[in-house]
Amino acid sequence: CAQIGERVHLSAAAQIGGVLEPINASPVIIEDDVIVGGNCGVYEGTVVRSKAVLGAGVILTRGTPVYDLVKETVHRATGDQPLIIPEGAVVVPGARRVSSAFGEAQGLSLQTPVIVKYRDDKTDAATALEAWLR
Numbered sequence: 180c181a182q183i184g185e186r187v188h189l190s191a192a193a194q195i196g197g198v199l200e201p202i203n204a205s206p207v208i209i210e211d212d213v214i215v216g217g218n219c220g221v222y223e224g225t226v227v228r229s230k231a232v233l234g235a236g237v238i239l240t241r242g243t244p245v246y247d248l249v250k251e252t253v254h255r256a257t258g259d260q261p262l263i264i265p266e267g268a269v270v271v272p273g274a275r276r277v278s279s280a281f282g283e284a285q286g287l288s289l290q291t292p293v294i295v296k297y298r299d300d301k302t303d304a305a306t307a308l309e310a311w312l313r
């Protein structure tokens, strides 16, 4: 189950996935004026607040930690609360180092979304151009 707001742009190959069962499962909620880039996946237990921008290839699930470089915090789902992407956040794919001995020895890293900024005039100008082209 998913709720998608007004003026949301879903780019090519974006996937929005929610479930109806079990009864306590969390839907995907994407609020108004969000841009979801190509090849993004937004899955159960995720809320994307208004005017957020998900760059191409971002994957969000309830179990995904999202690193906020601007506010120097980590956004996570907790208890019965979903993963919440803050209003106006610009999220891009990133990576974090695997800290186990084997992971370090192999040079492994895991995909993780990163908030690199919050929408500003430059971001709004780029999204206005996108809206005009549509």
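Residue numbers for the sequence shown follow the working numbering, beginning at 180 and rising by one. For glycine and all other residues, C-beta sits at the position ideal for the given N, C-alpha and C. Just so you know, these numbers come straight off a predicted model, no measurement behind them.
Taking L239 as the reference, which of G258, V221, E251 and K250 has the closest Cα? Along the sequence shown, read from residue 1 onward, the residue named residue 239 stands at position 60. Among G258, V221, E251 and K250, the Cα nearest to that of L239 belongs to V221.
Would E210 pass as a contact of R228 if the rule is Cβ separation under 8 Å? The count along the sequence shown starts at 1 and reaches residue 210 at position 31. The count along the sequence shown starts at 1 and reaches residue 228 at position 49. Yes, these two residues count as a Cβ contact at 8 Å.
In terms of alpha-carbon separation, which member of R276, Q290 and A235 lies closest to A284? Your numbering for residue 284 matches position 105 in the sequence shown. With distances taken between Cα atoms, A284 lies closest to R276.
Can you tell me which of the three DSSP states N230 falls into? By one-based count along the sequence shown, residue 230 stands at place 51. Per the sequence presented here, residue 230 reads as Lys, with Asn not at that position. Assigned with DSSP and collapsed to three states, K230 falls in coil, not helix or strand.
Same chain, Cβ closer than 6 Å to V187, five either side skipped, listed in chain order: Here residue 187 corresponds to residue number 8 of the sequence shown, with the count starting at 1. Closer than 6 Å at Cβ, skipping near neighbours: I209 and V213.
Cβ-based burial, C180 [other Cβ within 10 Å; buried from 16]: For this step, residue 180 is matched to residue 1 along the sequence shown. Flag for C180 reads exposed.
Range of the contiguous alpha helix (DSSP H) that encloses G282: Residue mapping note: residue 282 aligns to position 103 of the sequence shown, counting from 1. Note, G282: alpha helix (DSSP H), A280 to Q285.
Within 10 Å of its beta-carbon, does T257 have 16 or more other beta-carbons around it, so buried, or fewer, so exposed? Numbered from 1 along the sequence shown, position 78 holds the residue referred to as residue 257. A residue is called buried once 16 or more other Cβ atoms fall within 10 Å of its Cβ, and T257, having fewer, is exposed.
Compute the Euclidean distance between the alpha carbons of C219 and A305, then round it to the nearest angstrom. Position 40 of the sequence shown holds residue 219. Position 126 of the sequence shown holds residue 305. Each residue's alpha carbon lies about 19 Å from the other.
Whole-number beta carbon distance between V245 and I195, since they are thought to touch under 8 Å: As a first step, residue 195 must be located in the sequence shown, where it is residue number 16. As a first step, residue 245 must be located in the sequence shown, where it is residue number 66. Wrong, their Cβ atoms sit about 17 Å apart, outside the cutoff.
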